[in-house]
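Read top to bottom, the protein sequences are chains A, B and C.
Quick note on numbering: the first sequence equals residues 1 to 436 in our numbering.
Quick note on numbering: the second sequence equals residues 1001 to 1314 in our numbering.
Quick note on numbering: the third sequence equals residues 2001 to 2183 in our numbering.
Even for Gly, the Cβ is constructed at its ideal location relative to N, Cα and C.
Data first, discussion second: the structure below is written as structure tokens.
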Amino acid sequence: MDEITVGVVGIASLFVAILAGVNVAVALGLVGILGLGALAGFMGASSTLSTVFFATTASFHFSVIPMFLLMGYFAMKAGLGEDLFEAAVKWFGRLPGGLAIATTGASAAFGAAAGSSVGTAVLFTKLALPSMLKRGYDKSLASASIAISGTLSVLIPPSTLMVVYCILTDASIGRLLLAGIIPGLVFTLIIMVVTLVYALRNPEKAPRAPERFTWTERFWSIRLIGPLVVVIGTIVGGLFFGVFTPTEGGAIGAVVTFVMAVYRQRGLKGLDLGHILRETVQTTCMIFAIIISALIFSRFLAFSGLSDLIGSTLTGLDVNRWVVVLIVTVIFTVLGMIMDAPAMLAVTLPVIEPVMRKLGFDTIWFGVYVVVLAELGLITPPVGLNCFVVKGAAGSLLRLEDVFRGITPYVFASYVMLLLLCLFPGMALFLPNAMR
Amino acid sequence: ETLNWVTYKPQGAGDPQAVTTQWFANEVERRSGGKHKIRIHWGGSVAGINEIPTAIENGVGDLGDVVTPYFPDQLLINNAISYFWPQPNSSIELGLLMNVWHQTYPQFPEELAKYKLKLIGLRPLEAYGMICNKPVRSVEDFKGLRVRSYGFALPALIKALGGVPVSMGTPETYEGLERKILDCSPVGPTLAAGWKYDEVAKYYVELPLGASWGHLIAINIDKFNKLPKDLQADLESIGREYLVQYTTEMMKAENVVRKRWKDTGKVEVLPFPAGDFAKVVSNDPGIKAVQDEWIKRAKATGLSTDEIVKALNF
Amino acid sequence: MRTGFVALYTWYGRLMTAVAAAAGVALFLLMWLVNTNALSRKLFNLPITGTLEITEAAMPIIILLPMAYTQLRKGHIRVTMLTDNLPKALRTGLLLVTLALGCLFMAWVAWATFGYAARAYRMGESAWGVVRFPIWPSKFAVSLGAGLLCVQFLLDFVRVCLFGAHDDEDVHVTPEEEVAFHG
Ligand code: NA
Ligand code: NA
């Protein structure tokens, strides 16, 4: 068997293992390391195992992941999402699909303070899903809209995934975070419009709220977003005035929301800090297990020469560079189905990003493009991290299939967003270039 | 024969390190008439910067770049230069020194052999100065400045200058300089340009830190011994030429960067009084303590350190 | 036998919960350290010596020691969409294969990382920076975390052998065991 064949067999085995229900991390890691063993020998494989766990986790940059998660849990206990949702209901409740649209808006706003889609999805499943179901919303529409809205957190800064992208490509974190702002707002609007159209065509799936609110009530509700403004202001301001770095921003956000949570819960007791800390390390652990295993798998693919082959095929293709973008989009869509977002970036970027740079695409623009593709991957089956998280947080309220059944309109929304990014690259590049 | 080269450097970096790595591979292919090849695994795609020696030792890659300052305990002897920083030699001089030491003192190759590594080539980094977002013209100007620090020699040096050492990773240093969390970062011109620090810091201070110690190109010994004789000979001679090839590329790149700085006026190069600097450095107990630690530990292995220490002092 | 196993499983679960709690507390302390460092750096030009090095040394411990706890809570992701439709016996069989593979993989990781940590210990490897402290405890933590997860996979394997798999894979077997398992 030549090396490329080993690589192809590896990918096939990965699919089989994942679909057979093997833990995603175990499937990626075991297939990857067995493949590497077949190519570099048992000692080579063991050597990779011996170093990769420590080398990946002993990182100051990656400390931002648990910090953002911590912040998400504290924000939930501080009632940030709850208040925000209440205000949003007053403004959007009468719209067809208004509650789902409100949730999207709230998720986007919360995304400006949280860096991980997981945290946001957990939060809004807890806060919005029961109320939506109570008001007769379709399970699929409600849960899928929460799942996609949670991904806005990775496009709107701060963003753990963008940090991962920058670490993998050596791009400037600050510039990429700025680049995400406008596309993040545009994508929020697209998701809202898609929900609105879907609700108009299927009114039975999204009944309108019966209560009416006066303008006084609406404007009065704006006060509820005060704490969130403080959190966002602290992070953005602190970065701007050089108090802390983007990596440190996660820890700063966690402290600010911690203080708010203590205030809201009237002390540490109501906070149930022990539970929050355990939940945080558990989710952190789950994410890193997948990141590390995906790294092992990607090393196997690299060593087999398969990723080189993909890369050189892409660069060697004598086609318009937009055709390459199309191919990359297809590759990321397919990989996004079986991998979670950080894993997909770790597997593909070392090969694809240099190709894109050679074709004249800005690394920052490509970062935004890839992040939108990764958001899509977060909701597509069979491995859709955000759908898992929504199902996990919803408990017995719904089944995993309910969530996956509702994603079709949002897959469409993602492709509209990608198309707009290609047509108007300035959407991403305007802010980072203006801040020079 | 196809050899796997593992490097942490992304190919797209296009800097002297990437360019000369490709040159090495091309030369092997050219000199063997296409019979032998080197396949480069770029950008840490097979092993990260912290994992490369272990990867070569166990045959994940056959050869690659060992960034010795990352392994001060594992590769103590081969890290001599890292403990003596600042030091007065240029990068090519450091390369030649390392070469001589490897011929003279068996402890140098023996230490590598413990981890199944064999030295093939040397890649000392460029002479470092400091990039700052404040004008620094004298030792007094350093007082209270927050200077990016890493490794073990820099903290002592920064303290000796009166600055505040701030530990920060390479990618974050950009933001650190941009937002004035850092006032300065030690770096050479080509690396300053490569990491884009020169977008956010306006002054390059010609602080005479000397060349910064860099990388060894190492090959798995067992693998090397099993290679055909012609390939062994080619690897050794290309490896020797590598030092010249690399330092030449580096000087070229440095000139390009310096010219660009001058033409665009975006970075102002500030001279620095070398005498004052040498005075601070040679009398500082903190810097001396770092050096003494190496001397003590190196002597324990039976190495005679006197000549080495002399070559690295001002 | 069954009662004994439930006791063992429960005891191990409590231990893993304590490990996760300790990691969580470490993370919480790290959060304050990073904040204090940033503020002290800004306000007094006085960064907390070693913040970066301590964070880097603590991260492997915080992230990897709770791997077993995460498995205990069924926090590691599995895809069961296809297997959900299979007959129960086949589903249980696949689950056993899954757990066995996890156990083997983690045994390999624990063994390989142990060798790496042991070498660091022998050479007295330190974290080098503004401060110096031994780095090998962090490397041993990686091996320990993998070993603990290996044992958890093994316990889950035995659990499914003894009690069978539940319809919903993230819930434990019978009400009686449910109580026991959630300790
Ligand atoms: Na965000
Ligand atoms: Na997916």
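Under DSSP, the beta-bridge partners assigned to tyrosine 1204 of chain B are B:Ile1131, B:Val1269.
In this structure, the straight-line span from the alpha carbon of leucine 268 of chain A to that of tryptophan 2011 of chain C is close to 28 Å. Secondary-structure assignment with DSSP links threonine 1002 of chain B through a beta bridge to B:Lys1037.
Taking all protein chains shown into account, isoleucine 1219 of chain B has 16 or more neighbouring C-beta atoms within 10 Å of its C-beta and is therefore buried. The distance from the Cβ of phenylalanine 366 of chain A to that of threonine 348 of chain A is about 11 Å, inconsistent with a contact at the 8 Å cut-off. Note on geometry: alpha-carbon atoms of leucine 1125 of chain B and tyrosine 2116 of chain C lie some 29 Å from one another. CA-CA distance, tyrosine 1197 of chain B to alanine 102 of chain A, rounds to 42 Å. Listed along chain B is no residue with a C-beta nearer than 7 Å to that of methionine 2059 of chain C; the closest approach is about 13 Å. Sorted by chain position, residues whose beta-carbon lies closer than 6 Å to a non-hydrogen atom of ligand 2 are A:Gly336, A:Met337, A:Gly377, A:Thr380, A:Val383, A:Gly384. For serine 1185 of chain B, there is no enclosing alpha helix (DSSP H); the enclosing beta strand (DSSP E) has its first and last residue at 1184-1187.
Not a single CB atom of chain A sits nearer than 8 Å to the CB of isoleucine 2048 of chain C. With a threshold of 16 other beta carbon atoms within 10 Å, alanine 12 of chain A falls short and is exposed. Take arginine 2132 of chain C, set aside five residues on each side of it, and the residues of its chain with a beta-carbon closer than 7 Å to its own are Ser2126, in chain order.
Separation of the CB atoms of glycine 115 of chain A and glycine 250 of chain A is rounded to 6 Å, and the pair is thereby assigned contact status at 8 Å. Along the segment 2097-2131 of chain C, the positions whose C-beta sits under 7 Å from a C-beta of chain B are Met2123, Gly2124, Glu2125, Ser2126, Trp2128, Gly2129, Val2130, read in chain order.
Look at methionine 43 of chain A: its C-beta is under 8 Å from a C-beta on chain B. Identification of chain C residues near glycine 1151 of chain B by a Cβ-Cβ cut-off of 8 Å yields Trp2128, Gly2129, ordered along the chain. In this structure, the alpha-carbon of asparagine 1225 of chain B lies about 23 Å from that of alanine 1047 of chain B. Residue pairing of asparagine 1220 of chain B in beta bridges, as defined by DSSP: B:Leu1117.
At a cut-off of 7 Å, the beta-carbon of glycine 119 of chain A does not count as near ligand 1: no heavy atom of the ligand is closer than that. Residues Asp362, Trp365 of the same chain have their beta carbon placed closer than 8 Å to that of proline 425 of chain A, with the five preceding and five following residues left out of the count. The DSSP assignment places complete alpha helix (DSSP H) segments of no fewer than 4 residues inside the segment 24-86 of chain A at 24-57, 64-77, in order along the chain. For alanine 88 of chain A, same chain residues with a beta-carbon under 8 Å away, outside a window of 5 residues either side, are Ala102, Thr103, Gly105, Ala106 in chain order.
For the 8 Å CB-CB criterion, methionine 71 of chain A and threonine 234 of chain A do not form a contact. Proximity of the beta carbon of alanine 114 of chain A to ligand 1 is indicated: a heavy atom of the ligand is located closer than 7 Å.
Using a cutoff of 7 Å, the CB of serine 153 of chain A counts as near ligand 1, since one of the ligand's heavy atoms is closer than that.
In terms of Cα proximity to leucine 2027 of chain C, the closest of A:Val16, A:Phe297, A:Val281 is A:Val281. In its chain, beyond the 5 residues on either side, Ala2110, Thr2113, Phe2114, Ala2117 have a beta carbon closer than 7 Å to the beta carbon of serine 2143 of chain C.
Judged by DSSP in its simplified three-state form, histidine 1102 of chain B adopts helix.
Serine 293 of chain A sits close to glycine 32 of chain A, with the two beta carbons spaced by under 8 Å. At a cut-off of 8 Å between beta-carbon atoms, arginine 1146 of chain B makes contact with chain C.
Counting C-beta pairs closer than 8 Å gives fewer than three between the segment 2034-2052 of chain C and the segment 41-50 of chain A, which falls short of the contact rule. Glycine 10 of chain A is not a Cβ neighbour of glycine 37 of chain A, given a cutoff of 8 Å. The C-beta of glutamate 204 of chain A has fewer than 16 other C-beta atoms within 10 Å across all chains shown, which makes the residue exposed. Taking C-beta atoms as the reference points, tyrosine 1008 of chain B and arginine 1123 of chain B fail to come closer than 8 Å.
As DSSP reads the structure, proline 1165 of chain B sits in a beta bridge with B:Val1147.
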